[in-house]
Amino acid sequence: MTIGEMSRRVNLPESTLRYYEKKGLLLVSRDRNGRRVYGEEDAAWIQFIRRLKETGMPLGDIRRYSDLRYRGEATMPQRLEMLEAHRTRVLEQQRRWADCLENLDAKITLYQRAIKGREA
Numbered sequence: 135m136t137i138g139e140m141s142r143r144v145n146l147p148e149s150t151l152r153y154y155e156k157k158g159l160l161l162v163s164r165d166r167n168g169r170r171v172y173g174e175e176d177a178a179w180i181q182f183i184r185r186l187k188e189t190g191m192p193l194g195d196i197r198r199y200s201d202l203r204y205r206g207e208a209t210m211p212q213r214l215e216m217l218e219a220h221r222t223r224v225l226e227q228q229r230r231w232a233d234c235l236e237n238l239d240a241k242i243t244l245y246q247r248a249i250k251g252r253e254a
C-alpha cells in the first residue's frame with residue numbers, strides 16, 4: 135500500500151504518517167525505489183497509535199511503547215505495564231468527565247426550569 139492509500143485507509147493526512155515515522159512511532163518498509171510500502175499490520179498499528187493519542191497518552195510514552203513493540207514479544211511485560219498504567223489514567227479522566235457532565239446537566243436543568251417558569 136502506498137502512503138496515499140494508507141492515508142485514505144486510516145483517514146489521516148500523509149503528513150501525519152510521515153510525522154509518525156519521523157518521531158519513531160512507525161517503521162515503514164521501502165521498495166527498491168525508496169518509496170514507502172505499508173501493510174495491513176501497519177494500518178492496525180496506526181489505528182492503535184491514534185487510540186493512544188485520543189485517550190491522552192503522551193507522545194513520549196507512545197514512542198517508548200512503539201520502541202518496545204518493534205523489539206518483539208520479549209517486551210510484552212513492559213508494554214502490558216504501560217497499557218495498564220494508561221488504562222488507570224483513562225479511567226480517572228473518565229470519572230472526572232462524568233463529574234463534569236453531571237454538573238453541566240444540573241446547570242442545564244436549572245436553566246430549563248427557570249426559562250419554563252418565566253413562560254408560565
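135 is the number of the first residue of the sequence shown in our numbering; add one for each residue after it.
In this text, a Cβ means the ideal position worked out from N, Cα and C, and glycines have one as well.
Residue i classed as buried or exposed, judged by whether at least 16 other C-beta atoms fall within 10 angstroms
i: methionine 191; result: buried
i: methionine 210; result: exposed
i: leucine 238; result: exposed
i: tyrosine 172; result: buried
i: arginine 170; result: buried
Pair within 8 Å by beta-carbon distance, residue i and residue j
i: methionine 216; j: aspartate 176; result: no
i: isoleucine 146; j: isoleucine 180; result: Correcting the residue identity first, residue 146 is leucine in this sequence and not isoleucine. Yes; because the gap between Cβ atoms is below 8 Å, this pair is in contact.
i: leucine 161; j: tyrosine 204; result: yes
i: lysine 157; j: leucine 193; result: yes
CA nearest to the CA of residue i, picked from the options
i: glutamate 174; options: Arg247, Ser200 and Arg143; result: Arg143
i: arginine 164; options: Ala248, Tyr154, Phe182 and Thr136; result: Thr136
i: leucine 159; options: Tyr199, Thr189, Ala254 and Asp233; result: Tyr199
i: glutamine 227; options: Glu188, Glu253 and Ile242; result: Glu188
i: tyrosine 154; options: Asn167, Phe182 and Arg166; result: Phe182
Same chain, Cβ closer than 8 Å to residue i, neighbours up to 5 away in sequence not counted
i: glycine 138; result: Glu148
For residue j and residue i, believed in contact at Cβ under 8 Å, the rounded distance
i: arginine 213; j: leucine 202; result: 5 Å
Same chain only: Cβ atoms within 7 Å of residue i, ignoring 5 sequence neighbours per side
i: arginine 221; result: none
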